[in-house]
Amino acid sequence: MDIGQDGKDLDYSAGFGNEHSSEAVPGALPVGRNAPQRAPFGLYAEQLSGTAFTEPRAHNRRSWLYRIRPSAAHPPFHRVPNGSLRSGPFQDVEPDPNRLRWGPLPLPAEPTDFVQGLVTVGGNGDVLRREGIGIHWYAANHSMQGRVFSSADGEFLIVPQQGALLLRTELGMLRAEPGHIALIPRGVRFRVDLPDGTARGYVCENYGRPFQLPELGPIGANGLANARDFLAPVAAYEDGDEETDVINKFGGNLWSARYSHSPLDVVAWHGSHVPYLYDLRRFNVLGSISYDHPDPSIFTVLTSPSDTPGLAGADFVVFAPRWLVGEDTFRPPYFHRNVMSEFMGLIEGAYDAKAEGFVPGGASLHNMMSAHGPDRATFDRASTAELIPQRVDDGLAFMFETRWPIVPTESALSAGHRQQGYDTVWEGLARNFRL
Ligand SMILES: [Fe+2]
Numbered sequence: 001m002d003i004g005q006d007g008k009d010l011d012y013s014a015g016f017g018n019e020h021s022s023e024a025v026p027g028a029l030p031v032g033r034n035a036p037q038r039a040p041f042g043l044y045a046e047q048l049s050g051t052a053f054t055e056p057r058a059h060n061r062r063s064w065l066y067r068i069r070p071s072a073a074h075p076p077f078h079r080v081p082n083g084s085l086r087s088g089p090f091q092d093v094e095p096d097p098n099r100l101r102w103g104p105l106p107l108p109a110e111p112t113d114f115v116q117g118l119v120t121v122g123g124n125g126d127v128l129r130r131e132g133i134g135i136h137w138y139a140a141n142h143s144m145q146g147r148v149f150s151s152a153d154g155e156f157l158i159v160p161q162q163g164a165l166l167l168r169t170e171l172g173m174l175r176a177e178p179g180h181i182a183l184i185p186r187g188v189r190f191r192v193d194l195p196d197g198t199a200r201g202y203v204c205e206n207y208g209r210p211f212q213l214p215e216l217g218p219i220g221a222n223g224l225a226n227a228r229d230f231l232a233p234v235a236a237y238e239d240g241d242e243e244t245d246v247i248n249k250f251g252g253n254l255w256s257a258r259y260s261h262s263p264l265d266v267v268a269w270h271g272s273h274v275p276y277l278y279d280l281r282r283f284n285v286l287g288s289i290s291y292d293h294p295d296p297s298i299f300t301v302l303t304s305p306s307d308t309p310g311l312a313g314a315d316f317v318v319f320a321p322r323w324l325v326g327e328d329t330f331r332p333p334y335f336h337r338n339v340m341s342e343f344m345g346l347i348e349g350a351y352d353a354k355a356e357g358f359v360p361g362g363a364s365l366h367n368m369m370s371a372h373g374p375d376r377a378t379f380d381r382a383s384t385a386e387l388i389p390q391r392v393d394d395g396l397a398f399m400f401e402t403r404w405p406i407v408p409t410e411s412a413l414s415a416g417h418r419q420q421g422y423d424t425v426w427e428g429l430a431r432n433f434r435l
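In this text, residue positions in the sequence shown follow the UniProt record's numbering: the first is 1, and each later residue adds one.
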């Protein structure tokens, strides 16, 4: 079947964490059982589980795939170069308490696809313990050809900053543009096409428990990211006999096996272990309507819990357009030192705590207990601003926040696009103390 070139008119299945079902051919999805003696149309039934069989229903993720050939039919995987991809444990360099900032990763000059274009910034934890995260940039100018990718090490939360991504996954297609996020679950195979020719963005590779929506507590039954705005693909399959390299990130390294056919051959599926898309502009931003700036956890889109209640392995947080109305309040993010570690990126526009230097495609890293907050220009302006209702709508920033310090890679520290002298943005904050 024709599965489209640019993905602008794709169908999706809405909801988060629920049971989806989809069939590209009517009647391909078995009714009333998962593993009939003979699946419809001679398809093979295969379960793909993202959580242990016995995890609680609220967290359990698995999908049943009905495919032309089983995934098991492949020769041995062999090691291939990792490129600039690194994984936890991160031991390139000593952990660094300094505040770090980078300009955008330059687009490549040579033909580079999404996998080749992954450059690891840093991370924490350990892929083999399924704890922690890896943070990557990507910059690519070539669609993936003759190969697909998956990570056994974690789920890929992809944040496009420039150029759309057409994600052709085993379960169907997603088109992710700047302002969207896309998530590819652990183990799901996908190919990335670049309908705009080039693409750049960020990835949080979450080794830990799958991202879920945060609990809402006293907020109530609605708000923040609403479940109905998450979009899973519908079944779309390739029935091709072209040899395809399946690149598998496993144990921090890349491995490859050549399949005799396209592994994107799932004709029907049902389940909850699914890729999804979310438009960050749909985030229902909540904030103070009296005084003070709420802690930024109020902007959490997705959270990957740890075994400690309230302590996230990773949070994905968005700073979306919103109104600021606080009375007698310093309205930008306050000065702070946190036990959690923060990696920030900017999708477009500007961020309200930094007057300059933090640019679209760039990034900053404020590690555990590193002091940070508004720069001098922002402090001076916000301290004297007239406190009329103010709409902050000139940018879209996000944060990967994590429980453990983020250890940078050697290449991120020595990168040409790292900004030297970041500390100077807090120079000149005047001594205003007077008795
Ligand atoms: Fe911060």
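Beta carbons: idealized from backbone N, C-alpha and C, even for Gly.
Just so it is clear, the structure is predicted and the values come from calculations on it, not from any experiment.
The Cβ atoms of N141 and P106 do not sit closer than 8 Å to each other. In this structure A58 is exposed. Its beta-carbon is surrounded by fewer than 16 other beta-carbon atoms within 10 angstroms. Fully contained in the UniProt domain "Homogentisate 1,2-dioxygenase C-terminal" (281 to 433) are the following alpha helix (DSSP H) runs of length 4 or more, in chain order: 376 to 384, 410 to 414. As the crow flies, the alpha-carbon of A320 is around 12 Å from that of I298. Note on A314: 16 or more other CB atoms within 10 angstroms of its CB, so buried under the neighbour-count rule.
When C-beta atoms of the stretch 198 to 205 are compared with those of the stretch 273 to 280, fewer than three pairs fall below 8 Å, so the two segments do not count as touching. It is roughly 16 Å from the alpha-carbon of N206 to the alpha-carbon of N248. At a threshold of 7 Å, H293 does not count as near ligand 1, since its beta carbon sits no closer than that to any of the ligand's heavy atoms. Per DSSP, reduced to three states, the secondary structure at D196 is coil, with no helix or strand assignment. DSSP places A140 within a strand segment (E or B) once states are collapsed to three. Taken in chain order, the complete beta strand (DSSP E) segments of 3 or more residues contained in the stretch 17 to 88 are 20 to 23, 44 to 49, 62 to 67, 78 to 80. Put simply, the backbone Cα of E19 is about 23 Å away from that of Q37. Residue nearest to R331 within the set H366, P26, G373, A363 is G373 (criterion: CA-CA distance). Beta-bridge annotation (DSSP): H270 is paired with S21, W64. For R101, the pairing in a beta bridge is given by DSSP as S364. One thing to note: P214 has its Cβ within 8 Å of the Cβ of T300. A direct Cα-to-Cα measurement between R403 and G122 gives close to 14 Å. In this structure, the C-beta of N98 stays at least 7 Å away from each heavy atom of ligand 1. G361 is positioned such that its CB atom lies no closer than 8 Å to that of P108. Distance from L167 to V192 at the Cβ level is roughly 6 Å; contact confirmed, criterion being Cβ atoms closer than 8 Å. Setting aside the 5 residues that flank it on each side, L302 is surrounded in the same chain by F211, F316, each with a C-beta closer than 6 Å to its C-beta; the list follows chain order. Around the beta carbon of E170, 16 or more other beta carbons lie within 10 angstroms, which makes this residue buried.
Straight through space, the alpha carbons of A52 and M173 are spaced by roughly 26 Å. In this structure, N338 has its beta carbon less than 7 Å from a heavy atom of ligand 1.
Bridge partners of N248 according to DSSP: S150, W255. In the structure shown, the three-state DSSP call for L213 is coil. DSSP links Q162 through a beta bridge to R200. The C-alpha of I133 lies about 6 Å from the C-alpha of N124.
With a cut-off of 7 Å, the C-beta of H372 is classified as near ligand 1, since at least one heavy atom of the ligand falls inside that distance. Looking at V407, S411, G357, G83, the one whose alpha-carbon comes closest to that of T424 is G357. Spatial neighbours of L29 in its own chain (CB-CB distance under 8 Å, excluding positions within 5 residues in sequence) are listed in chain order as S21, S22, E23, P40, Y66, A268, W269, H270. DSSP, reduced to helix, strand and coil, places V115 outside both helices and strands of the structure shown, so it counts as coil.
Setting aside the 5 residues that flank it on each side, V80 is surrounded in the same chain by L254, S256, each with a C-beta closer than 6 Å to its C-beta; the list follows chain order. Nearest in C-alpha terms to I388, of all of Y291, I181, Y237, is Y291.
Using a 10 angstroms sphere on the CB of A35, the tally of other CB atoms stays under 16, which defines it as exposed. Apart from sequence neighbours up to five positions away, the residues of its chain that approach D393 with a beta-carbon distance below 7 Å are P321, ordered along the chain.
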